[in-house]
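Report on the following structure.
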Amino acid sequence: MKKFRKVLDGLTTSSPGATVGSPSCGSAAGTPTAAPTPKEIDVQETLVSENFQLCKTVRHGFPYQPTALAFDPVQKILAIGSRSGGVRILGRPGVDCYCQHESGAAVLQLQFLINEGALVSACADDTLHLWNLRQRRPAILHSLKFNRERITFCHLPFQSKWLYVGTERGNTHIVNIESFVLSGYVIMWNKAIELSTKTHPGPVVHLSDSPKDEGKLLIGFESGTIVQWDLRGKKADFRIYYDEAIHSVSWHHEGKQFMCSHSDGSLTLWNLRNTTKPFQVTFPHGKIQRDARKESCKPILKVEYKTCRNSEPFVIFSGGLSYDKAGRRPALTIMHGKAITVLEMDYPIVEFMVLCETPYNNEVQEPYAVVVLLEKDLIVVDLTQSNYPVFENPYPMDIHESPVTCTAYFADCPPDIIPILYSIGAKHKKTGYSQKEWPISGGTWTLGSHTYPEIIITGHADGSIKFWDASAITLQMLYKMKTSKVFEKPKPGEGRAAELVEEDPFAIQMVSWCPQSRMFCVVGISAHIILYRFSKYDANTQIVSLEVRLQCDSDDVISPSENENNPSFSEPGSHSPQPHHQHQHPASPGSRTPEGIKDSIPCLKVKDRAVRVPPGYQSELVIQLLWVDGEPPQQITSLDINSAYGLLAFGNCNGLAVVDYLQKTVILCMSTLDLYGSTDPYQRLTRSPRRNRQSTSEFCMRGLSNFYSDSKKRIRTSYQSLTELTDNQQSIDMERNKSPTSGHASRRAMLQQLHGVTMYSHDEHHSTTSYCWSDRESRENSFTRSRSSSVSSIDRDTKEAVTTLQFGESYGRKNDVLPTPCLWVGTSLGVVLLIPMSIPTDQEERMEEPVTMGVSGAVLMLKGSVLRFSFLDCMGALIQPPYEVWRDHNAPEDPDRPRRRKLVHFSPSSSQDACGDGHLAVVCSERQAKVFLMPSQSCLFVHNITESSFVLRADVVSVCNSVCLACFCANGHVMTLSLPSLRPLMDVNYLPLTDMRIARTFYFTNGGQALYLSSPTEVQRITYSQEMCDNLQEMLGELFTPIETPEAQNRGFLKGFFGGNAHTFDREELFGEAAAGKASRSLAQHIPGQGGVEGMKVAASGVVGELARARIALDERGQRLGELEERTALMMTSAEAFSKHAHELMLKCKDKKWYQF
40 MKKFRKVLDG LTTSSPGATV GSPSCGSAAG TPTAAPTPKE IDVQETLVSE NFQLCKTVRH
100 GFPYQPTALA FDPVQKILAI GSRSGGVRIL GRPGVDCYCQ HESGAAVLQL QFLINEGALV
160 SACADDTLHL WNLRQRRPAI LHSLKFNRER ITFCHLPFQS KWLYVGTERG NTHIVNIESF
220 VLSGYVIMWN KAIELSTKTH PGPVVHLSDS PKDEGKLLIG FESGTIVQWD LRGKKADFRI
280 YYDEAIHSVS WHHEGKQFMC SHSDGSLTLW NLRNTTKPFQ VTFPHGKIQR DARKESCKPI
340 LKVEYKTCRN SEPFVIFSGG LSYDKAGRRP ALTIMHGKAI TVLEMDYPIV EFMVLCETPY
400 NNEVQEPYAV VVLLEKDLIV VDLTQSNYPV FENPYPMDIH ESPVTCTAYF ADCPPDIIPI
460 LYSIGAKHKK TGYSQKEWPI SGGTWTLGSH TYPEIIITGH ADGSIKFWDA SAITLQMLYK
520 MKTSKVFEKP KPGEGRAAEL VEEDPFAIQM VSWCPQSRMF CVVGISAHII LYRFSKYDAN
580 TQIVSLEVRL QCDSDDVISP SENENNPSFS EPGSHSPQPH HQHQHPASPG SRTPEGIKDS
640 IPCLKVKDRA VRVPPGYQSE LVIQLLWVDG EPPQQITSLD INSAYGLLAF GNCNGLAVVD
700 YLQKTVILCM STLDLYGSTD PYQRLTRSPR RNRQSTSEFC MRGLSNFYSD SKKRIRTSYQ
760 SLTELTDNQQ SIDMERNKSP TSGHASRRAM LQQLHGVTMY SHDEHHSTTS YCWSDRESRE
820 NSFTRSRSSS VSSIDRDTKE AVTTLQFGES YGRKNDVLPT PCLWVGTSLG VVLLIPMSIP
880 TDQEERMEEP VTMGVSGAVL MLKGSVLRFS FLDCMGALIQ PPYEVWRDHN APEDPDRPRR
940 RKLVHFSPSS SQDACGDGHL AVVCSERQAK VFLMPSQSCL FVHNITESSF VLRADVVSVC
1000 NSVCLACFCA NGHVMTLSLP SLRPLMDVNY LPLTDMRIAR TFYFTNGGQA LYLSSPTEVQ
1060 RITYSQEMCD NLQEMLGELF TPIETPEAQN RGFLKGFFGG NAHTFDREEL FGEAAAGKAS
1120 RSLAQHIPGQ GGVEGMKVAA SGVVGELARA RIALDERGQR LGELEERTAL MMTSAEAFSK
1180 HAHELMLKCK DKKWYQF
């Protein structure tokens, strides 16, 4: 615990400019400044660096770019591999684990050690890994790197410790799973095929042991060659040479037949009695044409042949559709007897697996479901019902149903909000799912003791909003709403939106939510804002629309040398429109200039009729920015709403607007320059409208577009960098990222990126001329900053944007005695403005009397764009903004109890018994943080957060019953600073910024938690709290549970006698070092994993894990003792039988003479 005292001697009356220049900036700790005051600030800081530790908690969503699939039929857990080297392991809801290969190589294949708590992964860098799943956080036990051959296929027989590995050269190697070393036994391709064969058979595409005899290995080569290899005799039993390339092979459980899928869309069935030609050839989707020729079909990539006890066998395959039908969706075909069912999929099929009742391949399979892994979805089909319904997926795999464009994270929400949202959202759930339970039900998970209500909000490209219950590190969708329902549908090819945003005019840019008042506000890509109220009743409402002209006739740009600081602006009142409904201002020829230039029209058309709205969030007000003289409205860069004041404020690069949503009026609409009054810290240069229009359309931060090509009239919308589902990530030149903007040199680039406009596309398929940009634009677009402190020529065209807003009780002027409602405004040039407000307190007066706002002239300054405001009392406690207690506006009126607004205020003076009046204001910019004492505006502490990068996200959060400032920088560092002293508490190099998506979606919240969009389809949650890291083991699910392996069916005497000697096959005797020798050391390199001892140490921290391991050990010991007892009993029986036979033989032979034998 550290105590900070600051005795300040007198009240300063220095100007804001002098106040800014006086503090010296410390890089290692918050630097106190000598600002005098008669008060003593006594803050008891309790946070220390030991309270912080950064680690990942859980990843939600669909695995991005999946490549492989595996299922453990006994443990009932599923594994999915991805192109980036990730592995997701799923069980029952709550059991969801993410692992990552350090190499980042794509996962080619996954194989469970069935009921052993282990997983083998084969990666594109030709390395095999063995994962230990008997701990809550799986870790690699062994790795084996192949040096001279490339891995193409792996097969691990059930209850075997020998893994077959096929390679690109056509060879088959054998790996001991326990020691992870190669056996000396190798099946070379030239031994497998006939010596007379002149061509190489190609890579190994299939390996499987015969269900009839484990000593027979079926090897499939890509060229169409199939060989059954006798492992004991080290020779080929038979060879099949087929004309078409093979993609997969599947056995009949009796081991007498197998089926192959081929590149020409055919299925061949082979009988072991006659391997000279296929027993049956079928083209399931190939119709016979008029000339008696078969239709050409696509390859059948995989087939599974599964038998049933009481019905015909299932033949399930992917692909094989005819080429002639263009635009057909990918399909999974299920053939059951004579019935053929084609299930069309929304996305291409990556892999599928049929789930069967038994893990033994020589028993009747009894399939009950099929798991289909698509490029962007995971579905499970119920095979037990004739209409093949799908199971309802309990995992949040549809986060990316429409691409995510923004996120918000709220921890420690009011406890009643989650049940209410769930009850509303449950009414709109889809139906038609299978009635059976989700078949992937492995693992165990219990609700931990350290849980509290958490909600994640995602905004999407189609204008939809999703509320998710994120409590206890799970994720479940609560409620979904569509903002597009407020607007008329734009007709393709015409209308105002069609020329600008062709695909997603309703895409969400940012959201603002007050859980206490349940007010919700969204900002869209078309420069529109929608305000929602929550109601449990449906209603008929007329949507009220306001149109705001937030565009100046002259642009305020920074001038480094000119002395003109009195530019001519229109008076603010001329920019304040009156409220009106949308239909009163239709798009018409009258709203254009004689030259046809658009003017005073919004981008979208609000519905002008009464609409029926269901329970939930209902639109209260729509605000749209207007076109001005052919220029589209600039993008909204900041937003804040306060339910106690009834006000909504938003800003962009032109200025600031404040709306009274209770009276539905605009009370302030000003350019940024007008907000300064006479205290403008910069010299401005006036530019003529005509001269500046070109630079505005090409270089300034645009509201809807990156560029506005007059010839093409097309744009790329700002969220494109978030939504493109390709793996062409925009790399960031971190070497150039040496210094933040000391002179605001590349402010436009940061604003364009962070607030919605990007000048690059992740999609390499759209690199046409209409989307190209100049070298200058490309250089500016990366996260770079100029070392120069002067303003470059490009930045002469840079406007000062409003980057952050905050309502709260504060002191607008230095001589204020009592706190009043204020609006804090932060700009892209590091300037902080205070605007005091006068709000009527009486409810009736509030609805009739206007709210007045006056520019105070109070100006504070920081280095870099202002990102965040927060307020503390003089004891260091966080002051929450005032809010209105939620009340349902659509509830029936009670005449005896009229509804009145209930306001909750957290006034700075309410806790000032010891400290007197005043409060602390925490201001964070992209380069530094400062703590000001209000109302004197003295800078108490200042801390330079970074010299080599810049801050992307900053939040004041509650951790361990205290508060701190959390920051995420562009160089990947996550930092926390104490408040109010700004001491560094944690600085971790966590995540190098490689994609704009991370910057736009990173979000800190209370309780030491944060999240970001790690891929277009996945949300990664992290914690920076030591307490949560310590409790994480309890919160995670157990992947492995001790389950007894099902016993094999009794084969019977005749089957055992005539069915071969499969059960007498001893792989150890054949593949062990004694018989096969050692493999060449240069062939593969064994790499010990980090998951052995360390993994056990981590797992040992949980009592449940310890008990589970003890139980597993006891079970294994008991199983061994049972087997020993059985062997002993068998030996005793055998000994008794031998003794009996010996005695009988002795009695028979004792009286015989020697010559009688």
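Every letter in the sequence shown is one number past the one before it in our numbering, and letter 742, counting from 1, is 781.
Built from N, CA and C at the ideal position, the CB exists for glycine as well.
Look at Gly464 here: in three-state DSSP terms it is helix. Of all alpha-carbon atoms in Ala840, Gly304 and Cys136, the one lying nearest the alpha-carbon of Trp484 is that of Cys136. Rounded to the nearest whole angstrom, the C-alpha separation of Tyr1051 and Asp269 is 53 Å. Leaving aside the five residues that flank Met374 on each side, the residues in its chain whose CB is nearer than 6 Å to its CB run, in chain order, Val354. Taking all protein chains in view, the Cβ of Pro240 is crowded by 16 or more other Cβ atoms within 10 Å, so the residue is classified as buried. In the three-state scheme derived from DSSP, where H, G and I count as helix and E and B as strand, Val970 is classed as strand. Counting only runs of 3+ residues, the beta strand (DSSP E) found wholly inside the segment 496–572 occupies 503–508, 515–521, 547–553 and 558–563, in chain order. Note on the segment 308–355: whole beta strand (DSSP E) runs with a minimum of 3 residues are 319–321 and 339–345, in chain order. The beta-carbon distance between Ala968 and Leu1004, rounded to whole angstroms, is 6 Å. This is short enough to meet the 8 Å contact definition.
Below 8 Å, enough C-beta pairs join the segment 563–570 and the segment 648–664 to call them touching: three or more.
Under the Cβ criterion (8 Å, minimum of three pairs), the segment 82–91 counts as touching the segment 1062–1077. Note that the C-beta distance between Cys299 and Val342 is below 9 Å. In the DSSP assignment, Cys1068 falls within the alpha helix (DSSP H) that extends over Gln1065 to Met1074. Ranking Met1014, Arg557, Val871 and Gly694 by CA distance to the CA of Arg907 puts Val871 first.
Around the C-beta of Leu167, 16 or more other C-beta atoms lie within 10 Å, and the residue is accordingly described as buried. The beta carbons of Asn579 and Ala649 sit closer together than 9 Å. Taking the Cα positions, Asp647 is about 50 Å away from Val126.
DSSP lists Ala696 as the beta-bridge partner residues of Cys708.
Positions of the beta strand (DSSP E) runs, each at least 3 residues long and wholly inside the segment 179–206, are given as 190–194 and 201–206 in order along the chain. DSSP, reduced to helix, strand and coil, places Trp484 outside both helices and strands of the structure shown, so it counts as coil.
For the set Thr497, Ala408, Asp451 and Ala930, the Cα lying nearest the Cα of His439 is the one of Thr497. Looking at Leu714, Asp638 and Arg588, the one whose alpha-carbon comes closest to that of Val705 is Arg588. For the 9 Å CB-CB criterion, Ser904 and Ser867 form a contact. Taking the Cα positions, Ile494 is about 21 Å away from Arg926. Pro860 has its alpha-carbon roughly 7 Å from the corresponding atom of Ser877. Tyr344 is positioned such that its CB atom lies closer than 9 Å to that of His291.
Contact annotation: Leu1030 and Pro1023 have beta-carbon atoms that are not nearer than 9 Å.
For Pro387, the three-state secondary structure derived from DSSP is coil. If you draw a 10 Å sphere on the C-beta of Ser335, you find fewer than 16 other C-beta atoms in it, and that means exposed. Assigned with DSSP and collapsed to three states, Gln150 falls in strand. In its chain, beyond the 5 residues on either side, Thr483 have a beta carbon closer than 6 Å to the beta carbon of Thr1080.
Under the three-state reduction of DSSP, Gln882 is assigned to helix. Going by C-alpha positions, Thr985 is about 8 Å away from Cys1008. Contact check for Ser182 against Gly1128 passes: the beta carbons are separated by less than 9 Å. In this structure, Leu1078 lies near Val134, with their beta-carbon atoms less than 9 Å apart. Burial is judged here by how many other beta carbons sit within 10 angstroms of a residue's own beta carbon; His467 has fewer than 16 and is exposed.
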